Amino acid sequence: MQNFFELTLHQLENAIGAIGNEKFRARQLYKWIYNKGVFDFHEMTNISKSLRLIFKDMFCTDPPEIKDILRSNDGTIKFGITASDGRTMESVLIPEKGRNTLCLSSQIGCRMGCKFCVTGKIGFVRNLTSAEIIGQIMAVKRYLGEQKITNIVFMGMGEPVDNLDTLLHTLEIMKNPLGLDFSHRRITVSSVGLLEGLRTLEPKVAGLAISLNAADDGKRTYLMPINRLYPIRDIIGFVREFRGSKRVRITFEYVLIKGFNDSLDDAQQLAQLLTGVKCKINLIPFNESPYVEFKTPDTKAVNQFHDYLLQRHFTAIVRDSRGQDIGAACGQLGARYLGTVQEIS
Ligand code: SF4
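Residue numbers (this note's numbering): 103 to 447.
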């Protein structure tokens, strides 16, 4: 039996065509499942009973099970969702005025090893499949009922561009207008800056968030070992190069860490680095975790850093740390794996 959530519309048409049925049946299934949220073939009333039975034997349409849910005081919800091997994928729903953003995981663990990130401490376990990534959306969609997921961000566990083929395949499924219908404007992919992958990805999404975190290579390499392969000048060069298309919104993420990269000097270096680069800067005060050595910066330091960038006419915002109390904020996902090592062995 094939997992329905693995298939692009084209693949589904081929699978249905291969058993002698018309391809429009694939479009009907896409609409029922993705658009209307109907998972049971018996309820698909515009398909004959005999064909529904055939499809029931061919495709698994059950969204993965939600094994645990944590709710933050600020309305953020963290879902632990069962992956195909029983491990847990973490997804975070961030409700805001007029939008519901779902933050997806693309891997179990991560090989990038960023020092400020709990997922980085786990190390790489495996890539998630498209069925598992789409499965996260479908599990949350079923949980929400009438409420809609309006935006998708790939900022959960894992480096999405390190799982590029799956990411591209998943985006094709997500964006199909007959199905989930997420336009490229409503999808943001966050990356440490794997530049070859980002070049391939660039036409497919409108939002790229690049995790920068320091304006000099020494500090960035300390925080993010990948900087040895993709140093700051290459990342800035890449952004300048493709900004010509004007289609893509670039955001630089900068995690502010007390006493490490939160001084006025650091702000000045950052401003110098990004002068003339069309971008937005998200400042994210570090979220403390028992698994990571760093500390949250003082509010005064955050404000001073932010004000300096504003004075230099950058678009810079200090991001609220949503879901901090439930371990769902930026850099906090995956702590369950450090507590229960047997789950990843
Ligand atoms: S910040 Fe992202 S890329 Fe870095 S270790 Fe964490 S999950 Fe991986």
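We put the beta carbon where it would ideally sit given N, CA and C, even for glycine. Owing to the predicted nature of the structure, the values given are computational and were not obtained by experimental measurement.
Using only alpha-carbon positions, find the residue among the options that is nearest to residue i.
i    : options                : result
M240 : V341, Q130, F388, L282 : L282
E248 : Q371, N202, I383       : N202
M160 : K180, L303, E108       : E108
R301 : L280, G339, T323, F284 : G339
D367 : I337, E355, P387, H408 : H408
N405 : P392, S391, N384, E167 : N384
R438 : M191, Y132, A117, A317 : M191
R322 : Q371, F157, H286       : Q371
R189 : P165, S365, V227       : V227
F106 : G177, F143, N123       : F143
P387 : L411, V255, I312, Y356 : Y356
Q104 : M146, F126, I156, R129 : I156
K223 : P392, Y136, M146, P197 : P392
E298 : H286, N278, G320, I337 : I337
F362 : A316, K382, T353, K402 : A316
I167 : K243, E274, Y132       : The sequence as given places Glu at residue 167; Ile does not occur at that position. Cα-wise, what sits closest to E167 is K243.
A125 : E115, L131, K133, L266 : The question names Ala, but residue 125 is Lys in the sequence shown. Taking only the C-alpha atoms, the option nearest K125 is E115.
K402 : K360, A373, V255, F256 : K360
For a test of your reading of the model: does the CB of residue i fall under 7 Å from any non-hydrogen atom of ligand 1? Yes or no.
i    : result
V307 : no
C205 : no
Return the first residue and the last residue of the beta strand (DSSP E) that residue i is part of.
i    : result
I179 : 179-184
E192 : 190-198
V255 : 253-256
G309 : 309-313
K402 : Unbroken run through K402 is the alpha helix (DSSP H), 401-413; no beta strand (DSSP E).
V357 : 351-358
V420 : 417-420
T302 : No beta strand (DSSP E) holds T302; the alpha helix (DSSP H) holding it covers 297-303.
D170 : 168-173
G211 : 209-211
K382 : 382-387
R154 : Premise fails: R154 lies in the alpha helix (DSSP H), 151-160, not in any beta strand (DSSP E).
L204 : 201-205
Which residues bound the alpha helix (DSSP H) around residue i?
i    : result
F344 : 334-344
E115 : 111-119
R228 : That residue, R228, is in no alpha helix (DSSP H); its beta strand (DSSP E) goes 226-229.
I275 : 266-277
T323 : 319-325
S292 : Run containing S292: none in the alpha helix (DSSP H); it sits in the beta strand (DSSP E), 289-293.
I236 : 232-246
R438 : 437-441
L77  : Absent from the model: residue 77. The displayed extent of the chain is 103 to 447, so no value can be given.
N424 : Before going on, a small fix: residue 424 reads as Arg here, not Asn. First-last for R424: undefined, no H or E at that position.
L131 : 126-132
Confirm the yes/no value for this check: CB of residue i, any heavy atom of ligand 3, distance under 7 Å.
i    : result
A233 : The model on display carries ligand 1 but not ligand 3.
Do we get a CB-CB distance below 8 Å when we pair residue i with the residues of chain D?
i    : result
T221 : The chain inventory of the structure shown lacks chain D, comprising one protein chain alone.
Query raised in the report: At a cut of 8 Å, does the region 193-209 reach the region 248-262 through at least three beta carbon pairs?
Result: yes
**Report entry** the region 392-399 / the region 208-227 touching (three or more Cβ pairs under 8 Å)
**Finding:** yes
Query raised in the report: Taking any heavy atom of ligand 1 as the mark, which residues have a C-beta closer than 5 Å to it, listed down the chain?
Result: C212, M214, C216, C219, T221, G222, E261, V294
Report task. Inspect the CB distances between the region 268-278 and the region 301-312 and report whether three or more fall short of 8 Å. Result -> yes
Query raised in the report: Does the pairing of the region 139-155 with the region 181-200 give three or more beta-carbon distances under 8 Å?
Result: no
Report task. Tell me, please, whether the region 366-377 touches the region 226-236 by the rule of three or more beta-carbon pairs shorter than 8 Å. Result -> no
Query raised in the report: Any contact of the region 165-173 with the region 419-433, i.e. 3+ C-beta pairs under 8 Å?
Result: yes
Requested in this report: Flag this pair as touching only if the region 282-296 and the region 312-332 have three or more C-beta atom pairs under 8 Å; answer yes or no.
Outcome: yes
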